[in-house]
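Heads up, the thing below is written out as structure tokens.
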Amino acid sequence: MALEQRRRAADNGSSTPGQARPRFGRFDVLAQREHWDEVTAEVVLARLRPAAPLRFFTDAEAGAAGALFDQLLDQREEPRIPVLAMVDARLAEGQTDGWHYADLPHDDQAWRASLAALDEDAQHAHGCTFAACTWNEQSALLARIQDAGGDDWHGLRADRLWGLWTRYACTAFYSHPWAWNEIGFGGPAYPRGYKNARVGGREPWERPDARPRNPVNPVDPAGSSDSAAQADPTDSAGHSSGTDQERGVAR
743 MALEQRRRAA DNGSSTPGQA RPRFGRFDVL AQREHWDEVT AEVVLARLRP AAPLRFFTDA
803 EAGAAGALFD QLLDQREEPR IPVLAMVDAR LAEGQTDGWH YADLPHDDQA WRASLAALDE
863 DAQHAHGCTF AACTWNEQSA LLARIQDAGG DDWHGLRADR LWGLWTRYAC TAFYSHPWAW
923 NEIGFGGPAY PRGYKNARVG GREPWERPDA RPRNPVNPVD PAGSSDSAAQ ADPTDSAGHS
983 SGTDQERGVA R
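For reference, each letter of the sequence shown is one residue, going 743 to 993 in this note's numbering.
Listed below in structure tokens is the structure:
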């Protein structure tokens, strides 16, 4: 079912992750492909093809990693951007950022160790794998890691690991045309270029933001949210009860 929904979305062209209500009207970045050179178009369109079989993650690791990416990127419904397959391909081919923290293992080792540790924490807390936990149980487990800062978590420095996870997740997610539709990004500017490259400038193919507000609730120095934040309708788990929930990385 999930694969079929992704295929239908790819066939239809215009889509956003989870078919979220578009912020940029009927904007579809693929409508601009005739302005891209052949090589660029092939690179972008390849990201819409069905994901290849996993080559790096084991089945157990894939279960934990898939749930982790859904949490980090708030992907709760199909069609999902196939972040798991994209990160798997990158790790299988050794496509790292070319550096790693001295107090963290190399990326491939850090991924394997951290996914095993996620399952270990889930087994201890809930008697099941991380992937089998409920959404809120997963969120709570991840919150402990995020809040640990520079402390040790299963032999890994928590904040360094958090950076590794989010770096890979966001790089994959925001390289996909569906994410571009969600944020109103017009895709590669080569070879056409831009003519209105200024603050507030908009190209003829771009669309205005239908909900131009800061998705981060501002907090005053005294620690109390302003009136706009107080009016934000969220439940105790932080989930929006309306339709204006913005995508964020974790909590």
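Cβ coordinates follow ideal geometry from the N, Cα and C atoms, glycine included.
**OP:** Could you tell me the distance, in whole angstroms, from the CA atom of Arg768 to the CA atom of Val786?
**Re:** C-alpha separation (whole angstroms): 19 Å.
Original post:
Using the rule of at least 16 other Cβ atoms within 10 Å of the residue's Cβ for burial, across every protein chain shown, is His994 buried or exposed?
Top reply: Residue 994 falls outside the range modelled here, since the chain spans only 743 to 993, and no answer is possible.
**OP:** Quick one: grab the DSSP three-state call for Trp895.
**Re:** Trp895: strand per DSSP, three-state reduction.
**OP:** Have a look at Ala685 and Ala806 and give me their C-alpha separation to the nearest angstrom.
**Re:** Nothing about residue 685 can be read from this structure; the chain reaches only from 743 to 993.
**OP:** Tell me, to the nearest whole angstrom, how far the beta carbon of Leu906 is from that of Ala852; I am working on the premise that it is less than 8 Å.
**Re:** With a beta-carbon spacing of about 6 Å, Leu906 and Ala852 fall inside the 8 Å limit used to define contacts.
Original post:
From Pro792 to Arg822, what does the alpha carbon distance come to, in whole angstroms?
Top reply: In a straight line, the C-alpha of Pro792 is about 12 Å away from that of Arg822.
Subject >> With 16 other Cβ atoms within 10 Å as the buried cut-off, status of Gln774 >> reply: Here Gln774 is buried. Its C-beta has 16 or more other C-beta atoms within 10 Å.
**OP:** Quick one: which unbroken alpha helix (DSSP H) runs of 4-plus residues sit fully inside the region 831-917? Chain order, please.
**Re:** Runs of the alpha helix (DSSP H) lying entirely within the region 831-917, each at least 4 residues long, are 849-868, 877-889 and 900-915 in chain order.
**OP:** Please work out which residues of its chain come closer than 8 Å, Cβ to Cβ, to Asp894, disregarding the five sequence neighbours upstream and downstream, and give them in chain order.
**Re:** Closer than 8 Å at Cβ, skipping near neighbours: Ala900.
Subject >> Length-filtered (4 minimum) alpha helix (DSSP H) runs lying within the region 761-841 >> reply: Taking only runs of at least 4 residues, the alpha helix (DSSP H) segments lying wholly in the region 761-841 are 780-788, 801-815 and 825-834.
Subject >> As assigned by DSSP and simplified to three states, the class of Asn923 >> reply: DSSP, read as helix, strand or coil, puts Asn923 in helix.
**OP:** Report the three-state DSSP secondary structure of Pro759 (helix, strand or coil).
**Re:** Correct three-state label for Pro759: helix.
Original post:
Among residues of its own chain, excluding the 5 on either side of Arg854, which ones have a beta-carbon nearer than 7 Å to its beta-carbon?
Top reply: Correct list, in chain order: Glu803.
Original post:
Does the beta-carbon of Glu924 have 16 or more other beta-carbons within 10 angstroms, so that it is buried, or is it exposed?
Top reply: Counting Cβ neighbours within 10 Å, Glu924 comes out buried, since at least 16 surround it.
Original post:
Between Arg765, Pro759 and Glu776, which lies nearest to Gly929 when the distance is taken from Cα to Cα?
Top reply: The candidate whose alpha carbon is nearest that of Gly929 is Glu776.
Original post:
Do you know offhand how far Pro759's Cα is from Arg955's?
Top reply: In a straight line, the C-alpha of Pro759 is about 20 Å away from that of Arg955.
Subject >> Chain-order list of residues whose beta-carbon lies under 7 Å from that of Asp863 (same chain, five-residue window excluded) >> reply: Contacts found: Leu883.
Original post:
What residues in its chain sit with their C-beta under 7 Å from that of Ser757, if we drop five residues either side in the sequence?
Top reply: Taken in chain order, the residues that qualify are Ala751, Pro821, Trp920 and Asn923.
Subject >> Asp816 to Phe915 span [Cα, whole Å] >> reply: Roughly 11 Å between the two C-alpha positions.
Original post:
Whose C-beta lies closer than 7 Å to the C-beta of Val825 among residues of the same chain, with five residues either side of it excluded?
Top reply: Cβ within range, chain order: Phe811, Leu815, Ala911, Ala914 and Phe915.
**OP:** Could you check the C-alpha separation between Trp904 and Ala858 for me, to the nearest Å?
**Re:** Taking C-alpha positions only, Trp904 is separated from Ala858 by approximately 15 Å.
**OP:** Round the Cβ separation of Phe994 and Asp849 to the nearest angstrom and send it over; I've been treating them as touching at under 8 Å.
**Re:** Examination of residue 994 is not possible in this model, given that the chain is present from 743 through 993 alone.
Original post:
Skipping 5 residues on each side, what residues in its chain have a beta carbon closer than 7 Å to that of Gly891?
Top reply: So the list reads Ala900 and Asp901, once near-sequence residues are dropped.
Original post:
Mind checking Ala827: buried by the 16 CB within 10 Å criterion, or exposed?
Top reply: Around the Cβ of Ala827, a 10 Å sphere holds 16 or more other Cβ atoms; the residue is buried.
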